[in-house]
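Engineer: Residue numbers (my numbering): 15 to 136.
Cβ atoms here follow ideal geometry from the backbone N, Cα and C, with glycine treated the same way.
Sharing a structure with you now.
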């Protein structure tokens with residue numbers, strides 16, 4: 015697992031959004047894009063993170079920043095999450111964690127002595 019560093023070029027990807035529509039990173043070429051990853055929709059920590067972005071969207075838009083949130087949840091769950099929390103940005107479904115792996119944030123982690131494949135901050 016080799017996470018991207020500041021200044022690295024983001025890998026190209028295409029994923030379904032919360033409405034099942036395909037979104038390509040190349041659709042945002044020449045724009046500022048904040049790609050953030052979160053482990054699971056509708057969990058306390060991930061909800062706080064998403065709502066923080068929602069609440070700061072005016073400032074992000076003024077700075078010309080588009081937000082893309084990525085998790086391994088199915089599009090249907092992302093749709094419920096966006097609706098429940100009134101999220102005003104795009105959520106993407108990476109069910110097979112291929113994009114997570116490309117960005118270097120998916121890998122093995124030891125938790126309570128068990129080897130798990132999951133999100134890892136580094």
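What do you reckon, are the CB atoms on residue 32 and residue 93 nearer than 8 Å?
Structural biologist: Position 18 of the chain shown, counted from the first residue, corresponds to residue 32. Position 79 of the chain shown, counted from the first residue, corresponds to residue 93. For residue 32 and residue 93, yes; Cβs fall inside 8 Å.
Engineer: Applying the criterion that 16 or more other CB atoms from any shown protein chain within 10 Å of the CB defines a buried residue, is residue 23 buried or exposed?
Structural biologist: Here the question's residue 23 lines up with position 9 in the chain shown. With fewer than 16 other Cβ atoms within 10 Å, it is exposed.
Engineer: Can you tell me whether residue 62 is buried or exposed? The criterion is at least 16 other CB atoms within 10 Å of its CB, across all chains shown.
Structural biologist: Your numbering for residue 62 matches position 48 in the chain shown. Exposed, since its Cβ has fewer than 16 Cβ neighbours within 10 Å.
Engineer: Throw me the rounded Cβ distance for the residue 91 and residue 55 pair, which I believe falls under 8 Å.
Structural biologist: What you label residue 91 is simply residue 77 of the chain shown in a count that begins at 1. What you label residue 55 is simply residue 41 of the chain shown in a count that begins at 1. Confirmed, about 5 Å.
Engineer: Just confirm the distance between the C-beta atoms of residue 39 and residue 107, as a whole number of angstroms; I'd bet it's less than 8 Å.
Structural biologist: Here the question's residue 39 lines up with position 25 in the chain shown. Here the question's residue 107 lines up with position 93 in the chain shown. The pair is not a contact, with the Cβ atoms about 14 Å apart (cut-off 8 Å).
Engineer: Taking all protein chains shown into account, do 16 or more other C-beta atoms lie within 10 angstroms of the C-beta of residue 20, making it buried, or fewer, making it exposed?
Structural biologist: Translated into positions along the chain shown, residue 20 becomes position 6. Classification of residue 20: exposed, given that the 10 Å Cβ count is below 16.
Engineer: Which word fits residue 87, buried or exposed, when buried means at least 16 other C-beta atoms lie within 10 angstroms of its C-beta?
Structural biologist: If you number the chain shown from 1, residue 87 lands on position 73. The residue is buried, with at least 16 neighbouring Cβ atoms inside 10 Å.
Engineer: Using the Cβ count rule (16 or more neighbours within 10 Å means buried), how would you classify residue 52?
Structural biologist: Walking along the chain shown from the start, residue 52 turns up at place 38. The residue in question, residue 52, is buried, as its Cβ has 16 or more Cβ neighbours within 10 Å.
Engineer: Check the DSSP bridge columns for residue 31 and list the partner residues they point to.
Structural biologist: One-based indexing of the chain shown puts residue 31 at position 17. The partner list for residue 31 (beta bridge, DSSP) reads 106.
Engineer: According to DSSP, is residue 59 helix, strand or coil?
Structural biologist: By one-based count along the chain shown, residue 59 stands at place 45. Helix.
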